[in-house]
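In this note's numbering, the protein residues as written are 802 to 1274.
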Ligand code: GAP
């Protein structure tokens, strides 16, 4: 009986796996990256960092709606990983850590990408990101030259210094992943939270990588946020837990509206595995540019705890009372990117279709069919016009709703244009206050973003109506 207790609970695995060398071409797509970038810039969702100075490559700013979208992605992840579980606890660790951490983890020695330099224009490139032309030749994307220096290993970690001296004794690294703090703090957290293996430690936070070629908008950047969870298990149960977490993470994307056809699980080939991993799969998303990694789910074995024990001199083994056995736990790690997930949710939600106009014609509309939990604004309150009879009631309706939902009040421009503005940022419901509302029935019109169907609902039933349709978030 005790044998079974530390295995995963029953679940149905619904994910789709492809071969490790599966074709990465994205095929026909509903949307281009240019359209996503344009929409994000125009609506202030995401735009270049330091734009007025010409921008900084690989750095992006999330404006009001983008920041809300990112918060919603993080909250949805925390809800699934922490709130809905009893076996995962949270950590918010320091970004700067003791430099020995990165020696033990293998990052100082091995966290590198192959760097080549064009012998003509001296531009530097990541060797494995240079696309061959039809003749199979590699050429410089900047000047077309075909000669490069030999590849050399370029470490992606950003260096900085603690304190006023800039010598090697003061040098530290900006963390390139959030994971290491979960290993370093394992024993302390296990003891103080009174968790028993199997259990997990989850963290959301910034990571930094000095990518040689940041690209594809916010897909590969130099400063980003990760959502990582290290799940500690008894050796021998690791493969079952690995499969369990692949299934959980697949379900999370699907439950948040991602289309199954745009998702796949790709196992790493043996020669692709990181130095610490026994097995890894990528959750891949069909981005307009290619099928690419959204999240990695690795079986990291006992590599990290053993290395940190060795380098720190602290025993990081675990005594399993139920089994009367001491062991170094194995670790299953679902590691996702906030920015990359936000991009995938944006791409997946983007549609262009037709909507009726006030004059009975139809017009093209752009609509983000975001899951309501992810939508930056949940409800827009729109008086039919700025007429002085309508505005006070519309303001009251907005005040009524804003303690329950993220709302936006908008009275600028024709009502059709205001619907379009909300559609293209993914607002699930628009509430319109008209003359009937104030002069007659105290009812408002609620318009559904996806079906464009309209319902008349009494103001005093509005919170209940919307609560039934919007998830707790
Ligand atoms: N602790 C394991 C780890 O960090 P990773 O596959 O290197 O694994 C996990 O990173 C996730 O972090 C990726 O799947 C991706 O979503 C995100 N990520 C990694 N590098 C990134 C970058 N340069 N820009 C944006 N997101 C990145």
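From the three backbone atoms N, C-alpha and C, an ideal C-beta is built for every residue, glycine too.
Only a predicted model underlies this, so the values are computations on that prediction, with no experimental measurement involved.
Item	Value
Can we say the segment 1144-1155 touches the segment 836-846, given the rule of at least three CB pairs closer than 8 Å?	yes
Distance check for residue 1155 and residue 825, CA to CA, integer angstroms please.	32 Å
From 1089, 888, 955, pick the residue whose C-alpha is nearest to that of residue 833; which is it?	1089
What is the C-beta distance between residue 1271 and residue 1179, in whole angstroms, given that I count them as a contact (C-beta under 8 Å)?	6 Å
For the candidate residues 976, 868, 941, whose alpha-carbon lies nearest to that of residue 903?	976
What is the rounded straight-line gap between the Cα of residue 815 and the Cα of residue 950?	46 Å
Count the other C-beta atoms from every protein chain shown that fall within 10 angstroms of the C-beta of residue 803, then say buried if there are 16 or more, exposed otherwise.	With a pLDDT of only 43 at residue 803, under 50, the local geometry of the prediction cannot be trusted, and the value read off the model is given with reservation. Counting Cβ neighbours within 10 Å, residue 803 comes out exposed, since fewer than 16 surround it.
Going by C-alpha to C-alpha distance, which of 1231, 939, 969, 1239 sits closest to residue 1246?	1231
Which value, in whole angstroms, describes the spacing of the CA atoms of residue 866 and residue 1108?	42 Å
Which residue marks the beginning of the beta strand (DSSP E) containing residue 1230, and which one marks its end?	1230-1234
Should residue 1148 be listed as close to ligand 1, given that the test is whether its C-beta is under 8 Å from any heavy atom?	no
How long is the line joining the alpha carbons of residue 1116 and residue 1110, rounded to whole angstroms?	5 Å
Under the criterion of a Cβ to heavy atom distance below 8 Å, does residue 1022 qualify as lining ligand 1?	yes
So, for residue 809: in the same chain, excluding its five sequence neighbours on each side, which residues have a beta-carbon less than 7 Å away from its beta-carbon?	1041, 1042, 1045
Please say whether residue 1099 and residue 1075 have beta carbons closer to each other than 9 Å?	yes
Report all residues from its chain with a CB closer than 6 Å to the CB of residue 894; omit the five preceding and five following residues, and keep chain order.	982
Counting only runs of 3+ residues fully inside the segment 1194-1246, write out the beta strand (DSSP E) ranges in chain order.	1208-1210, 1230-1234
Kindly indicate which three-state DSSP category residue 1255 falls into: helix, strand or coil?	strand
Using the Cα positions of residue 1211 and residue 873, report the straight-line distance between them to the nearest angstrom.	22 Å
Any idea which residues DSSP pairs residue 916 with across the strands?	927, 953
I think residue 1170 touches residue 1251, with their Cβ atoms under 8 Å apart; what is that distance to the nearest whole Å?	6 Å
Does DSSP put residue 961 in a helix, a strand or coil?	strand
DSSP three-state label for residue 816, please.	coil
When every heavy atom of ligand 1 is checked, does at least one fall within less than 8 Å of the C-beta of residue 1027?	yes
Nearest-angstrom Cα distance between residue 1010 and residue 1256?	49 Å
Quick check: what's the CA-CA separation for residue 1227 versus residue 1176?	6 Å
Within the segment 1102-1184, note down every full alpha helix (DSSP H) run reaching 4 residues or more, in order along the chain.	1104-1113, 1139-1150
Any idea which residues DSSP pairs residue 980 with across the strands?	In the DSSP output, where bridge partners are listed per residue, residue 980 has none listed.
Have a look at residue 917 and residue 1053 and give me their C-alpha separation to the nearest angstrom.	39 Å
Given this structure, state the Cα-to-Cα distance separating residue 1262 from residue 1199, to the nearest angstrom.	14 Å
For ligand 1, is there a heavy atom less than 8 Å away from the beta-carbon of residue 1102?	no
Three-state secondary structure (DSSP) at residue 1046?	helix
Could you tell me if the beta carbon of residue 1015 falls within a distance shorter than 8 Å of some heavy atom in ligand 1?	yes
Output the boundary residues of the alpha helix (DSSP H) element that contains residue 866.	865-879
Would residue 1172 be called buried (16 or more neighbouring beta carbons within 10 Å of its own) or exposed?	buried
Helix, strand or coil: how does DSSP classify residue 836 here?	helix
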